[in-house]
Amino acid sequence: MSFRVSDNIWGYAFVLIPFIGLIVFVLIPFCMSVYASFTAWPLGQKITSAKWIGLKNYITMFTNPFFWKSLGNTFFYMIGIPIGLVLSVIYAALMNRGTKYEKVFRVLYYTPVITSVVAVSFIFQRMFMSDGGTINTFLMSLGIKNPPNWMSHPGYTKWVIIIMAVWKGLGSSIIMYIAGMQGISSTYYEAAKIDGAGWFCTFRKITLPLLMPVTFYLVVTGIIGGAQMYVEPRLIFTGNGPANSTFTTVIHLYDNTFRNSKAGYGSAVSVILGIIVFVVTALQFYINGRGDRVEKAKANR
Amino acid sequence: MKRFVSLLLVLILAVSMLAGCGSSGQSGGDSQGSGTGNDGGSNAGGSGDKPVLNVSVFAQEHEQAMYREVIKRFEEKFDCVVNFQVAGDQYWPELEAALTANAAPDVFYLGLGDIKRRVWADKIVAFDDLLDVSSLDRIWPEALNLYRYDVETNKLGVGKIWALPKDFSACSMTVNRAIIEKRRPQIEELVKNGTLPFFPEIDEKGNLPVYTFTEFATLCKVLTFEDPTLPETAGSKQVYGTHLWEDFTLQPFIWGAGGDYLNEDATKVLFDTPEFIEGYEGFMKIVEMGGSGLSTDETTGYMKFLAGRVAYFPCGTWDVGAFQAIEDDEAINPGKSWFDFDLAPWPISDRYANLSIEERQDKWFGRVDSVGYAVSKDSKQQKLAAELAYMLCADEEVQRFLAKRGGQLPNIQAMAEGEYLTDDSYFPESRVVFVRMLQGKNGRRVPTTLTFNGLWHSDGFISGVDSVWSYYEKIDKGVTPMSVSEYCRMVQPNAQALLDQAIQDENDLNPYK
Amino acid sequence: MLYPFIWMIFTSFKPKMHIYLAGLLPRTWDFSSYIQIWSEIPLVRGFLNTILYSVPPVIVGSFVSALAAFAFAKIRFAGRNVLFLILLSGIMIPFPSIMIPQFVLFSELRMLQGPLPMILPKLTGNVLMIFFLRQFMNYIPDSIIDAAKIDGCNYFQIFRRVIMHLITPALAAHGVLWFIGSWNDYLAPTIFLKNEIWQPVTVMVAKFNEQYAINTHVPRIMAGSVMLLVPVLIIYGIFQRWIIESVMFSSVKE
Numbered sequence: 003m004s005f006r007v008s009d010n011i012w013g014y015a016f017v018l019i020p021f022i023g024l025i026v027f028v029l030i031p032f033c034m035s036v037y038a039s040f041t042a043w044p045l046g047q048k049i050t051s052a053k054w055i056g057l058k059n060y061i062t063m064f065t066n067p068f069f070w071k072s073l074g075n076t077f078f079y080m081i082g083i084p085i086g087l088v089l090s091v092i093y094a095a096l097m098n099r100g101t102k103y104e105k106v107f108r109v110l111y112y113t114p115v116i117t118s119v120v121a122v123s124f125i126f127q128r129m130f131m132s133d134g135g136t137i138n139t140f141l142m143s144l145g146i147k148n149p150p151n152w153m154s155h156p157g158y159t160k161w162v163i164i165i166m167a168v169w170k171g172l173g174s175s176i177i178m179y180i181a182g183m184q185g186i187s188s189t190y191y192e193a194a195k196i197d198g199a200g201w202f203c204t205f206r207k208i209t210l211p212l213l214m215p216v217t218f219y220l221v222v223t224g225i226i227g228g229a230q231m232y233v234e235p236r237l238i239f240t241g242n243g244p245a246n247s248t249f250t251t252v253i254h255l256y257d258n259t260f261r262n263s264k265a266g267y268g269s270a271v272s273v274i275l276g277i278i279v280f281v282v283t284a285l286q287f288y289i290n291g292r293g294d295r296v297e298k299a300k301a302n303r
Numbered sequence: 406m407k408r409f410v411s412l413l414l415v416l417i418l419a420v421s422m423l424a425g426c427g428s429s430g431q432s433g434g435d436s437q438g439s440g441t442g443n444d445g446g447s448n449a450g451g452s453g454d455k456p457v458l459n460v461s462v463f464a465q466e467h468e469q470a471m472y473r474e475v476i477k478r479f480e481e482k483f484d485c486v487v488n489f490q491v492a493g494d495q496y497w498p499e500l501e502a503a504l505t506a507n508a509a510p511d512v513f514y515l516g517l518g519d520i521k522r523r524v525w526a527d528k529i530v531a532f533d534d535l536l537d538v539s540s541l542d543r544i545w546p547e548a549l550n551l552y553r554y555d556v557e558t559n560k561l562g563v564g565k566i567w568a569l570p571k572d573f574s575a576c577s578m579t580v581n582r583a584i585i586e587k588r589r590p591q592i593e594e595l596v597k598n599g600t601l602p603f604f605p606e607i608d609e610k611g612n613l614p615v616y617t618f619t620e621f622a623t624l625c626k627v628l629t630f631e632d633p634t635l636p637e638t639a640g641s642k643q644v645y646g647t648h649l650w651e652d653f654t655l656q657p658f659i660w661g662a663g664g665d666y667l668n669e670d671a672t673k674v675l676f677d678t679p680e681f682i683e684g685y686e687g688f689m690k691i692v693e694m695g696g697s698g699l700s701t702d703e704t705t706g707y708m709k710f711l712a713g714r715v716a717y718f719p720c721g722t723w724d725v726g727a728f729q730a731i732e733d734d735e736a737i738n739p740g741k742s743w744f745d746f747d748l749a750p751w752p753i754s755d756r757y758a759n760l761s762i763e764e765r766q767d768k769w770f771g772r773v774d775s776v777g778y779a780v781s782k783d784s785k786q787q788k789l790a791a792e793l794a795y796m797l798c799a800d801e802e803v804q805r806f807l808a809k810r811g812g813q814l815p816n817i818q819a820m821a822e823g824e825y826l827t828d829d830s831y832f833p834e835s836r837v838v839f840v841r842m843l844q845g846k847n848g849r850r851v852p853t854t855l856t857f858n859g860l861w862h863s864d865g866f867i868s869g870v871d872s873v874w875s876y877y878e879k880i881d882k883g884v885t886p887m888s889v890s891e892y893c894r895m896v897q898p899n900a901q902a903l904l905d906q907a908i909q910d911e912n913d914l915n916p917y918k
Numbered sequence: 002m003l004y005p006f007i008w009m010i011f012t013s014f015k016p017k018m019h020i021y022l023a024g025l026l027p028r029t030w031d032f033s034s035y036i037q038i039w040s041e042i043p044l045v046r047g048f049l050n051t052i053l054y055s056v057p058p059v060i061v062g063s064f065v066s067a068l069a070a071f072a073f074a075k076i077r078f079a080g081r082n083v084l085f086l087i088l089l090s091g092i093m094i095p096f097p098s099i100m101i102p103q104f105v106l107f108s109e110l111r112m113l114q115g116p117l118p119m120i121l122p123k124l125t126g127n128v129l130m131i132f133f134l135r136q137f138m139n140y141i142p143d144s145i146i147d148a149a150k151i152d153g154c155n156y157f158q159i160f161r162r163v164i165m166h167l168i169t170p171a172l173a174a175h176g177v178l179w180f181i182g183s184w185n186d187y188l189a190p191t192i193f194l195k196n197e198i199w200q201p202v203t204v205m206v207a208k209f210n211e212q213y214a215i216n217t218h219v220p221r222i223m224a225g226s227v228m229l230l231v232p233v234l235i236i237y238g239i240f241q242r243w244i245i246e247s248v249m250f251s252s253v254k255e
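In the order they appear, the protein sequences are chains A, B and C.
Note that the first sequence covers residues 3 to 303 in the numbering used here.
Note that the second sequence covers residues 406 to 918 in the numbering used here.
Note that the third sequence covers residues 2 to 255 in the numbering used here.
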């Protein structure tokens with residue numbers, strides 16, 4: 003009995019500091035934002051002096067076609083997550099075979115991750131330019147007569163961002179997968195070999211499932227990060243992008259707050275975005291937990 | 406390995422401690438926030454006896470060096486300390502944050518569209534109360550008027566002066582003379598057969614070559630060709646007559662057609678008026694016949710222009726320095742073979758086709774803009790701050806230097822009309838274009854600075870222009886193609902609603918009603 | 002694959018306006034960007050600041066995070082799963098929405114002119130690190146902890162003597178990742194650190210990104226980015242093995 007009481011005390015003591023940090027630096031500011039979302043705060047003056055307007059900002063937001071478009075764009079960009087994961091797994095498999103130069107490759111592939119996003123955006127902007135840009139010149143040399151106009155055709159603009167985001171994030175997912183692969187005990191592979199399984203079958207039935215924890219972590223952080231995407235579309239495209247095809251919810255938030263003096267509205271957008279991400283993440287944890295519970299139940303039978 | 410790592414860590418810790426200690430001595434009273442109110446606002450008791458001014462601006466490289474020199478002189482003259490902070494491209498959000506937290510610097514930039522907001526929030530002080538106003542006479546009256554606002558009648562352009570202009574900028578067209586020269590025979594052909602009334606250059610009497618929409622479109626068409634003489638660095642051989650995009654460059658066309666975006670007191674949006682539609686149609690015609698097409702994108706336009714592949718391009722006073730740098734760069738542009746820029750006026754409505762060149766001089770318009778130095782209401786040294794703003798704005802040496810480097814025109818009217826035009830060390834050749842714009846003859850204020858926010862323009866108009874481009878270029882952009890008149894009529898109600906909303910938001914905010 | 006990066010290096014050697022010309026290789030090899038960076042801005046000071054914000058706070062914060070992760074993983078206290086989820090919510094809130102209130106907060110606390118805004122929050126730990134370490138610690142057999150309890154250790158002693166040794170690679174690895182993140186942090190220091198003396202290199206390099214895009218000195222930004230990269234790459238190369246080992250443990254299923 004006494005153990006449990008003191009357990010509680012110890013537990014709370016250890017998690018105290020991070021919680022203080024969370025409350026002071028995140029929750030309190032967020033509460034201020036929530037408050038602001040119910041006002042007509044124009045920025046440039048104290049939040050408390052702003053006029054209270056109740057749910058008006060939220061109504062404006064839900065009836066604003068630009069809000070929905072930005073949400074659509076933001077979620078479209080998340081297609082990059084599975085693309086990135088598939089590529090990373092393949093690369094990781096290739097870089098995990100014990101050859102001599104692998105270490106060098108790993109560092110090289112990690113470089114985009116730590117390169118400044120400003121520099122990368124500029125480079126990609128130049129590369130995807132319609133006439134004279136590297137990508138189209140390359141495509142034309144392959145014989146493609148009319149390469150797409152990446153920078154101004156609404157159907158293609160999002161892909162510029164997706165390609166750039168995948169390129170930039172590859173390095174860290176690769177490392178995670180390599181580590182995951184190295185952690186798989188070789189007994190599994192030996193057993194598979196004895197059973198006569200081919201390379202692909204082994205990969206599918208043994209490697210991939212055992213990499214689930216890594217995949218889970220990458221998907222969760224990918225969604226959280228993707229929902230907050232701001233810099234890349236902002237730097238590469240002007241304004242909302244051709245036919246409003248590239249701007250994200252955070253860009254919508256930012257523009258309304260800083261360019262249109264509607265900080266109350268901006269706060270409302272951020273609150274909704276935060277709620278969406280929270281729900282999605284919680285769902286993911288639940289599903290993941292359920293999977294574990296099912297397995298445990300199976301094992302215990 | 407472990408030993409090495411722990412040693413390294415200790416070393417790093419030590420170094421950073423040094424960094425922490427070393428500087429608190431240096432920065433005087435401004436470090437570590439020890440609760441003496443040192444953040445942002447000016448501090449009377451900060452670092453000893455001298456008053457301290459905090460100034461926050463953004464500035465180009467060469468400007469910074471000049472400003473620092475001027476500030477040194479100021480510090481000596483008034484015996485004070487000035488913290489001159491230059492921000493990068495996050496200036497405006499940072500400023501908003503500072504104002505929200507009552508931590509604003511003593512002197513900061515005021516954008517034209519922010520005047521009312523700041524006055525109502527009681528954040529700035531009128532210069533009439535701080536300086537001898539007659540000393541402001543040397544500055545362009547047009548520029549000063551941009552910063553006038555009368556609180557009682559709620560009118561812009563009259564009343565007290567709330568900021569001093571840092572610069573008074575204009576945006577005209579620029580023409581790449583090298584391209585014109587390459588097509589000289591074809592252009593002269595057009596003049597001979599009457600399609601063009603005159604060659605694109607300033608004539609003997611000093612008249613600017615002002616074209617109508619159709620004339621200009623034809624000219625641009627002729628200027629769209631494949632140029633084998635372009636160097637490799639251009640990336641492609643295709644040259645275009647012009648590259649335009651609505652957000653920034655449509656205004657001159659509307660004004661040139663005799664129309665405008667908003668009515669006199671900025672309460673009505675005028676998108677569906679015949680003049681507006683005419684101007685926009687002129688714009689699209691030019692783009693269709695001689696534009697670089699396929700792109701409403703500003704950045705690629707810049708790149709093409711700077712590679713020598715666009716003949717007519719918008720050019721602001723702030724661009725001049727950079728453009729001149731390319732022109733003068735012998736290494737890549739020997740003998741100005743593919744880049745020789747000069748200024749040109751915007752085109753005007755076809756209705757004026759019968760006017761002589763002299764009569765056309767007053768019919769074209771371009772945007773003028775400005776950003777100004779404002780003094781913070783929370784400043785403890787308001788008069789001193791005003792003096793500093795005045796010096797940065799109207800000191801002769803400063804203005805001369807800045808104008809010579811091509812960043813802006815002098816704020817002092819006499820200098821701009823005199824020395825700037827006659828002295829050839831200034832560039833470009835046709836700078837009289839800028840001067841005319843600033844004199845008010847050919848310059849108009851940017852419409853969105855008259856309203857509380859620009860939503861009626863950005864969301865209400867610009868966001869859908871791809872429909873129009875899709876129609877005129879006949880390529881599928883995944884949007885419904887619409888002709889200009891269809892589009893204008895379609896967006897008018899929504900834009901008006903957005904403007905109404907902005908006016909209402911503004912009224913809600915106005916404490917002086 | 003690495004083409005953009007190669008492009009970046011070559012661009013850093015071009016004179017300012019040449020970036021508008023096509024062609025990968027510089028027409029004129031201009032090393033002035035690299036030299037100018039050192040003279041234009043107090044780069045040494047910037048690097049010291051960057052180190053200041055990336056090393057001591059990360060070290061302290063890692064320790065704090067490890068303690069918390071230990072609690073979440075091994076100590077059974079009431080509501081630990083709920084509390085963990087709440088903690089996780091901290092990283093889901095988009096930065097722009099708390100940016101301005103945070104600024105107001107720091108301003109009220111009079112911290113804007115000093116380095117504290119970039120140090121204090123980190124001292125309270127890193128949620129992602131807690132997430133990962135907790136997962137890692139889940140695989141440490143309870144038996145070890147029970148044995149220590151029987152020996153009479155309290156939780157803190159258990160942590161110090163037992164856990165710390167077991168998680169060193171994971172801790173170090175995530176510390177390094179956090180260090181890399183802090184090294185490259187740009188948005189927060191730009192807004193919260195008003196005093197030039199305290200700004201890290203990322204902000205200084207970003208100053209070259211001008212208000213009027215055409216004046217952006219692109220080669221200098223490239224040069225600055227390249228210089229920023231190098232130390233991080235070196236550290237990453239050194240710690241690579243540990244990083245891999247740490248992730249390795251958490252993937253193994255019993």
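Note that CB positions come from ideal geometry on N, CA and C, so glycine has one too.
Against chain C, does B:Ala-506 count as a neighbour if the rule is that its beta carbon must be under 8 Å from one of theirs?
Numbered from its first residue, the second sequence carries residue 506 of chain B at position 101. Yes, contact with chain C.
Quick one, which residues of the region 59–70 of chain C are near chain A if we go by CB-CB under 8 Å, in chain order?
Val-65, Ser-66, Leu-68 and Ala-69
Beta-carbon spacing of B:Lys-642, B:Leu-635 below 8 Å
Sequence index remark: in the second sequence, residue 642 of chain B carries index 237 (1-based). Sequence index remark: in the second sequence, residue 635 of chain B carries index 230 (1-based). Result yes, Cβ atoms of B:Lys-642 and B:Leu-635 sit closer than 8 Å.
Please state whether DSSP places B:Glu-631 in a helix, a strand or coil.
Looking up residue 631 of chain B in the second sequence gives position 226. It is a strand residue.
Proximity winner among A:Gln-286, A:Ile-278 and A:Tyr-288, relative to A:Gly-74 (alpha-carbon distances)
Here residue 74 of chain A refers to the residue found at position 72 of the first sequence. Among A:Gln-286, A:Ile-278 and A:Tyr-288, the Cα nearest to that of A:Gly-74 belongs to A:Ile-278.
How far does the beta strand (DSSP E) with B:Ala-779 in it reach, from first residue to last?
Numbered from 1 along the second sequence, position 374 holds the residue referred to as residue 779 of chain B. Note, B:Ala-779: beta strand (DSSP E), 771–781.
List the residues of chain A whose Cβ lies closer than 9 Å to the Cβ of B:Val-491, in chain order.
Taking the second sequence and counting its residues from 1, the one referred to as residue 491 of chain B is at position 86. The contacting residues do not exist; B:Val-491 stays about 18 Å from chain A at best.
Out of A:Lys-58, A:Ile-225 and A:Ile-177, which has the shortest C-alpha to C-alpha gap to A:Ile-83?
Here residue 83 of chain A refers to the residue found at position 81 of the first sequence. Comparing Cα positions, the closest option is A:Ile-225.
In chain order, each alpha helix (DSSP H) run of at least 4 residues that lies wholly inside the region 92–177 of chain A:
104–116, 119–129 and 136–143
If you run the structure through DSSP and keep just helix, strand and coil, what is A:Cys-33?
Walking along the first sequence from the start, residue 33 of chain A turns up at place 31. Collapsing the DSSP output to three states places A:Cys-33 in a helix.
Please list the terminal residues of the continuous beta strand (DSSP E) segment that includes B:Lys-571.
Numbered from 1 along the second sequence, position 166 holds the residue referred to as residue 571 of chain B. Note, B:Lys-571: beta strand (DSSP E), 569–581.
Is there a C-beta anywhere in chain C that falls below 8 Å from the one on B:Gln-495?
Against the second sequence, residue 495 of chain B aligns to sequence position 90. Closer than 8 Å: yes.
Please check if any C-beta of chain A sits within less than 8 Å of the C-beta of B:Thr-885.
By 1-based counting over the second sequence, the position of residue 885 of chain B is 480. It does not: the Cβ of B:Thr-885 has no partner Cβ on chain A nearer than 8 Å.
Interface flag, C:Ser-258 vs chain B, CB-CB below 8 Å:
Here chain C has residues from 2 to 255 only, and residue 258 of chain C is not among them.
Determine the chain B residues that contact C:Val-105 at a beta-carbon separation under 7 Å, and present them in chain order.
On the third sequence, position 104 is the one that residue 105 of chain C refers to. For C:Val-105, the chain B residues whose Cβ falls inside 7 Å of its Cβ are Thr-505 and Ala-506, in order along the chain.
Could you tell me whether the Cβ atoms of C:Arg-46 and C:Ile-198 are closer together than 8 Å?
Translated into the one-based positions of the third sequence, residue 46 of chain C becomes position 45. Translated into the one-based positions of the third sequence, residue 198 of chain C becomes position 197. Closer than 8 Å, so yes.
Spatial neighbours of B:Ile-529 in its chain, beta-carbon cut-off 8 Å, leaving aside the 5 residues before and after
For this step, residue 529 of chain B is matched to residue 124 along the second sequence. These residues qualify, in order along the chain: Leu-515, Arg-523, Trp-567, Ala-568, Ala-779, Val-780, Ser-781 and Lys-782.
Determine, using beta carbons only, whether B:Asp-502 comes closer than 8 Å to chain C.
In the second sequence, the residue the question calls residue 502 of chain B occupies position 97. It is worth fixing the name first, because residue 502 of chain B is Ala in this sequence and not Asp. Yes - at least one Cβ of chain C is within 8 Å of the one on B:Ala-502.
Pick from A:Asp-197, A:Tyr-190, A:Gln-184 and A:Val-122: whose alpha carbon is nearest that of A:Val-162?
What you label residue 162 of chain A is simply residue 160 of the first sequence in a count that begins at 1. Ranking A:Asp-197, A:Tyr-190, A:Gln-184 and A:Val-122 by Cα distance to A:Val-162 puts A:Val-122 first.
Counting only beta-carbon atoms, is A:Tyr-112 nearer than 8 Å to chain C?
Residue numbering aside, residue 112 of chain A sits at position 110 when the first sequence is read from its first letter. So, interface residue.
Measure from the alpha carbon of C:His-175 to the alpha carbon of each residue in C:Ser-63, C:Pro-5 and C:Ser-55, then state which is nearest.
Start at 1 with the first residue of the third sequence, and residue 175 of chain C comes out as number 174. Comparing Cα positions, the closest option is C:Ser-63.
For C:Leu-113, count the other beta carbons within 10 Å of its own beta carbon; 16 or more makes it buried, fewer makes it exposed. Which is it?
Taking the first residue of the third sequence as position 1, residue 113 of chain C is located at position 112. Burial check for C:Leu-113: the Cβ neighbour count within 10 Å reaches 16 or more, so the residue is buried.
Which word fits C:Ile-99, buried or exposed, when buried means at least 16 other C-beta atoms lie within 10 angstroms of its C-beta?
Position 98 of the third sequence, counting from 1, holds the residue named residue 99 of chain C. Classification for C:Ile-99: buried.
In this structure, how does DSSP classify A:Ser-247 when only helix, strand and coil are distinguished?
Position 245 of the first sequence holds residue 247 of chain A. Here A:Ser-247 sits in coil by DSSP.
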